[in-house]
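>
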Amino acid sequence: MTAWLDTLLQGVMLGGLYALFAAGLSLIFGIMRLVNLAHGDLIVLAAFVVLVVTTALGLDPFLAALVAAPLLFGFGYALQHLLLNRTLGRDILPPLLVTFGLSIIVQNGLLQGFSADSRRLGAGALETQSVSLGGGLALGVMPLLTLASAVAAILALNLLFYRTSLGRAFRATSDDPETAQLMGIDNRRIFALAMGVAMTVVTVAALHLGMRANFDPTIGPARLIYAFEAVIIGGLGSLWGTLAGGIVIGLAQTIGARIDPEWQILAGHLAFLTVLALRPRGLFPRAVD
Amino acid sequence: MLETRGLTAFYGDFQALYGIDAALGAGETVAIIGANGAGKSTFLKAITGLLPCLPDAVRLQGAAIGGLAPARIARLGISLVPEGRKLFPSLTVEENLLIGAHGRAPGGYWNLARVYGLFPILAERRRVPSTSLSGGQQQMAAIGRALMANPRVLLCDEISLGLAPIVIRDIYNAIPAIRAEGTSIVLVEQDIVQALAVADRVYCLQEGRVSLAGRPDELTREQIHTAYFGT
Chain U
1 MTAWLDTLLQ
11 GVMLGGLYAL
21 FAAGLSLIFG
31 IMRLVNLAHG
41 DLIVLAAFVV
51 LVVTTALGLD
61 PFLAALVAAP
71 LLFGFGYALQ
81 HLLLNRTLGR
91 DILPPLLVTF
101 GLSIIVQNGL
111 LQGFSADSRR
121 LGAGALETQS
131 VSLGGGLALG
141 VMPLLTLASA
151 VAAILALNLL
161 FYRTSLGRAF
171 RATSDDPETA
181 QLMGIDNRRI
191 FALAMGVAMT
201 VVTVAALHLG
211 MRANFDPTIG
221 PARLIYAFEA
231 VIIGGLGSLW
241 GTLAGGIVIG
251 LAQTIGARID
261 PEWQILAGHL
271 AFLTVLALRP
281 RGLFPRAVD
Chain L
290 MLETRGLTAF
300 YGDFQALYGI
310 DAALGAGETV
320 AIIGANGAGK
330 STFLKAITGL
340 LPCLPDAVRL
350 QGAAIGGLAP
360 ARIARLGISL
370 VPEGRKLFPS
380 LTVEENLLIG
390 AHGRAPGGYW
400 NLARVYGLFP
410 ILAERRRVPS
420 TSLSGGQQQM
430 AAIGRALMAN
440 PRVLLCDEIS
450 LGLAPIVIRD
460 IYNAIPAIRA
470 EGTSIVLVEQ
480 DIVQALAVAD
490 RVYCLQEGRV
500 SLAGRPDELT
510 REQIHTAYFG
520 T
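Line order of the protein sequences matches chains U and L.
Heads up, the first sequence is in this note's numbering, so the first residue is 1 and it goes up one at a time.
Heads up, the second sequence is in this note's numbering, so the first residue is 290 and it goes up one at a time.
1) Taking residue 32/U as the query, report the chain L residues whose CB atoms sit under 9 angstroms from its CB, ordered along the chain.
2) Using the rule of at least 16 other Cβ atoms within 10 Å of the residue's Cβ for burial, across every protein chain shown, is residue 352/L buried or exposed?
3) Taking the alpha-carbon positions, what's the residue 84/U to residue 98/U distance?
4) If we ignore side chains and look at the alpha-carbon of each, how far apart do residue 489/L and residue 188/U end up?
5) Can you pull the chain U neighbours of residue 438/L, defined as C-beta to C-beta under 9 angstroms?
6) As a quick exercise: from 444/L, 374/L, 437/L, 339/L, pick the residue whose alpha carbon is nearest that of residue 422/L.
7) Over what stretch of residues does the alpha helix (DSSP H) that includes residue 296/U continue unbroken?
8) Would you please state the rounded distance, in angstroms, between the beta carbons of residue 23/U and residue 209/U? I believe it to be under 8 angstroms.
9) Around the C-beta of residue 170/U, are 16 or more other C-beta atoms found within 10 angstroms, so that it is buried, or is it exposed?
10) So with CB distances below 8 angstroms, who are the chain U contacts of residue 337/L?
11) Give the single residue among 124/U, 115/U, 95/U whose Cα lies nearest to the Cα of residue 28/U.
12) Pairs of beta-carbons, one from the stretch 207 to 223 of chain U and one from the stretch 390 to 405 of chain L, closer than 8 angstroms: are there three or more?
13) Less than 8 angstroms between the beta carbons of residue 16/U and residue 146/U, yes or no?
14) Just to make sure I have the definition right: I need the residues of chain L whose C-beta is within less than 9 angstroms of the C-beta of residue 91/U. Which are they?
15) Just by C-beta distance, which residues in the stretch 371 to 389 of chain L are closer than 9 angstroms to chain U?
16) Short of 8 angstroms in beta carbon distance, which residues of its chain neighbour residue 219/U, apart from the five on each side in sequence? Order them along the chain.
17) Return the bridge partner residues of residue 421/L from the DSSP annotation.
18) Span of the alpha helix (DSSP H) holding residue 350/L?
19) Thinking residue 438/L and residue 363/L are a contact (beta carbons under 8 angstroms), I'd like their distance in whole angstroms, please.
20) Are residue 481/L and residue 322/L close, meaning C-beta to C-beta below 8 angstroms?
21) How would you write the range of the alpha helix (DSSP H) that residue 383/L sits in, first residue to last?
22) Checking 8 angstroms against the spacing of the C-beta atoms, do residue 192/U and residue 80/U come in under that value?
23) If we ignore side chains and look at the alpha-carbon of each, how far apart do residue 224/U and residue 68/U end up?
24) In chain L, what lies closer than 8 angstroms to residue 179/U by C-beta?
25) Where does residue 127/U sit, in a helix, a strand or coil, going by DSSP?
26) Going by DSSP in three states, residue 490/L sits in which element: helix, strand or coil?
27) If we define contact as Cβ-Cβ less than 8 angstroms, is residue 360/L a contact residue for chain U?
28) Sort out for me which residues DSSP pairs residue 299/L with in a bridge.
29) Could you please tell me which residues of the stretch 116 to 150 of chain U, in chain order, have their CB closer than 7 angstroms to any CB of chain L?
30) Going by CA-CA distance only, name the one from 291/L, 432/L, 483/L that's closest to residue 458/L.
31) Checking 8 angstroms against the spacing of the C-beta atoms, do residue 235/U and residue 163/U come in under that value?
32) Going by DSSP, name the residue or residues bridged to residue 478/L.
33) Which residue comes first and which comes last in the alpha helix (DSSP H) that contains residue 174/U?
34) So residue 446/L is in the alpha helix (DSSP H); what residue range does that whole segment cover?
35) Of all the residues that make up the stretch 158 to 180 of chain U, which are near chain L by a beta-carbon distance shorter than 8 angstroms?
36) List, in chain order, every chain U residue whose beta-carbon is nearer than 7 angstroms to that of residue 364/L.
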């Protein structure tokens, strides 16, 4: 009994990590219908940026992420403004091709610059600390922090979306880009800001990726798959749905691993396929679309 | 205020406007009438930048604005009430109004309170999604949204389309209050009677050309009929 309860708790917390991977992807798709195939590689890129900041400035990873976040916001803004905005249009193929190419460029650029060695962001004592719940149950502080960060990130994004004029412009542009322009909203700037915000969330995801596990330049595409699955399980365009989607995958993976360690990854994909078969629009589809 | 000279517009290879010369004076209300496909909506699309056109073809207070990005033209003071209302479905009624003022400095005559004063029903329904409004209420919200930008020129595309006569009357009753603030208005309409009743001048379009222009009281029904249908 305790063992199963433990499995469920671990699954929910792992789901927090997947939700962090997925939040940026969900945001970008929601606002500009851009399927960013380089999203996983951008997470890895952000992890390397945080790593460089920790070593260059001698900061711990949390402070390094604070330094890296504005840099990556600027990178996202520039990436959208200079490159991705040119690919958006009626045809859905150009953004897919360009982000696919970007994925390859980022991977190979990182391999060139950092080699294929596995890296890690050292979190010091945090890595092994845990909170005892009694009855033989304990929660790792790091996984708890990850889940809390995921909830905080999605809460912050929701506040941005529903409580600010920028968020209103995001939603209006998402609804109807042509009419949004008639309101004096410059779509290209809105999209660039959205990518900047997405890269800020990606920085948080990268921080947790790097502190919980090893990373190297080639692991991006697998993170992209988890992120996609979380977004689709949750329902396209719904941020809370994305959190739920991440938790569904996290739960499925830990339950699968509990039955047989070989089943971990498979169980996550099976959960995704089950949701896709039963509720193709996801668990929390947006009312409009 | 707003002037077009030899304005042409194309959808791909198809030419929809063949040199429209039209002018809108400060504080004036002009009606543009014409049959389906005469080029009325195309005319508005070209002015607002949704269709490309030559810089000199559209002038706002003498400055060439033809072919600028739609967002820039909007910020220069031209607001469109689009055909079919085009409210943002995931925004509430009030958010739809607020988005009309996006990025504008506050301080113009029109604000939330004044728009609610003009259309009291919107104040009652401010918190509901714009999709749950009736057609007439949606049209009021679309006009309110355009007014929130405090435009110098208000372009209205078929604001009576698909509405009951009593609702159309309610909406047209708001026009004098808008004119009173000095806003110049272009009314694109198929409903000729309604349009002629409020307009200072009228242009009739036919197959992408101006077929008749003048003051409503100087035009005979026969002239309008000929210009409208081309027979």
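All residues carry an ideal CB built from backbone N, CA and C; glycine is no exception.
Computed from a predicted model, the values in this text were never measured in an experiment.
Inspection of the coordinates gives the following:
1) Taking the first residue of the first sequence as 1, we reach residue 32/U at position 32. What residue 32/U touches in chain L: nothing, since even the nearest Cβ is about 15 angstroms away.
2) For the purposes of this step, residue 352/L is taken as residue 63 along the second sequence, with counting starting at 1. Exposed: under 16 other Cβ atoms inside 10 Å.
3) As a first step, residue 84/U must be located in the first sequence, where it is residue number 84. As a first step, residue 98/U must be located in the first sequence, where it is residue number 98. So the alpha carbons of these two residues sit roughly 8 angstroms apart.
4) Taking the second sequence and counting its residues from 1, the one referred to as residue 489/L is at position 200. Taking the first sequence and counting its residues from 1, the one referred to as residue 188/U is at position 188. Cα to Cα, the separation comes out at about 39 angstroms.
5) Here the question's residue 438/L lines up with position 149 in the second sequence. Result: 183, 184.
6) By one-based count along the second sequence, residue 422/L stands at place 133. Residue 422/L has its Cα closest to that of 374/L, out of 444/L, 374/L, 437/L, 339/L.
7) Outside the displayed span of chain U (1 to 289) sits residue 296/U, for which this structure offers no information.
8) Along the first sequence, one-based indexing puts residue 23/U at 23. Along the first sequence, one-based indexing puts residue 209/U at 209. Incorrect: roughly 13 angstroms between the Cβ atoms, too far for contact.
9) Taking the first residue of the first sequence as position 1, residue 170/U is located at position 170. With 16 or more Cβ atoms within 10 Å of its Cβ, residue 170/U is classed as buried.
10) For this step, residue 337/L is matched to residue 48 along the second sequence. In chain order: 182.
11) Your numbering for residue 28/U matches position 28 in the first sequence. Checking every option, the nearest Cα to that of residue 28/U belongs to 95/U.
12) no
13) Position 16 of the first sequence, counted from the first residue, corresponds to residue 16/U. Position 146 of the first sequence, counted from the first residue, corresponds to residue 146/U. Taking 8 angstroms as the Cβ cut-off, residue 16/U and residue 146/U qualify as a contacting pair.
14) The sequence position of residue 91/U within the first sequence is 91, counting from 1. Near residue 91/U there are no residues of chain L at all, since even the closest Cβ is about 16 angstroms away, more than 9 angstroms.
15) 371, 375, 376, 377, 378, 379, 380, 384, 385, 387, 388, 389
16) On the first sequence, residue 219/U is found 219 positions in, with the first residue counted as 1. The answer, listed in chain order, is 40, 44.
17) Along the second sequence, read from residue 1 onward, the residue named residue 421/L stands at position 132. Bridge partners of residue 421/L: none, in fact.
18) Along the second sequence, read from residue 1 onward, the residue named residue 350/L stands at position 61. Premise fails: residue 350/L is in no alpha helix (DSSP H) and is neither H nor E.
19) Along the second sequence, one-based indexing puts residue 438/L at 149. Along the second sequence, one-based indexing puts residue 363/L at 74. Yes, residue 438/L and residue 363/L are in contact; Cβ-Cβ is about 7 angstroms, under 8 angstroms.
20) Translated into the one-based positions of the second sequence, residue 481/L becomes position 192. Translated into the one-based positions of the second sequence, residue 322/L becomes position 33. Yes, these two residues count as a Cβ contact at 8 angstroms.
21) The count along the second sequence starts at 1 and reaches residue 383/L at position 94. From DSSP, the alpha helix (DSSP H) with residue 383/L extends over 382 to 389.
22) Position 192 of the first sequence, counting from 1, holds the residue named residue 192/U. Position 80 of the first sequence, counting from 1, holds the residue named residue 80/U. Against a cut-off of 8 angstroms, the Cβ pair of residue 80/U and residue 192/U comes out as a contact.
23) On the first sequence, residue 224/U is found 224 positions in, with the first residue counted as 1. On the first sequence, residue 68/U is found 68 positions in, with the first residue counted as 1. Computed Cα separation, rounded: 21 angstroms.
24) Residue numbering aside, residue 179/U sits at position 179 when the first sequence is read from its first letter. Those are 371, 375, 377, listed as they occur along chain L.
25) Counting from one through the first sequence, the residue named residue 127/U turns up at place 127. Three-state result, residue 127/U: helix.
26) Position 201 of the second sequence, counted from the first residue, corresponds to residue 490/L. It is a strand residue.
27) As a position in the second sequence, residue 360/L is number 71, starting the count at 1. Interface residue, yes.
28) Working through the second sequence from its first residue, we reach residue 299/L at position 10. BP columns for residue 299/L point to 304/L.
29) none
30) The sequence position of residue 458/L within the second sequence is 169, counting from 1. Considering only alpha carbons, the answer is 483/L.
31) On the first sequence, position 235 is the one that residue 235/U refers to. On the first sequence, position 163 is the one that residue 163/U refers to. In this structure, residue 163/U does not lie closer than 8 angstroms to residue 235/U by Cβ.
32) As a first step, residue 478/L is located in the second sequence; it is residue number 189 there, counting from the start. Residue 478/L is bridged to 322/L.
33) Looking up residue 174/U in the first sequence gives position 174. Segment 165 to 175, the alpha helix (DSSP H) holding residue 174/U.
34) Residue 446/L sits at position 157 when you count from the first residue of the second sequence. It is not in any alpha helix (DSSP H) - residue 446/L instead sits in the beta strand (DSSP E) that spans 442 to 446.
35) 165, 168, 169, 171, 172, 174, 175, 176, 178, 179, 180
36) Locating residue 364/L in the second sequence gives position 75, where the first residue counts as 1. By Cβ distance, chain U contributes 184.
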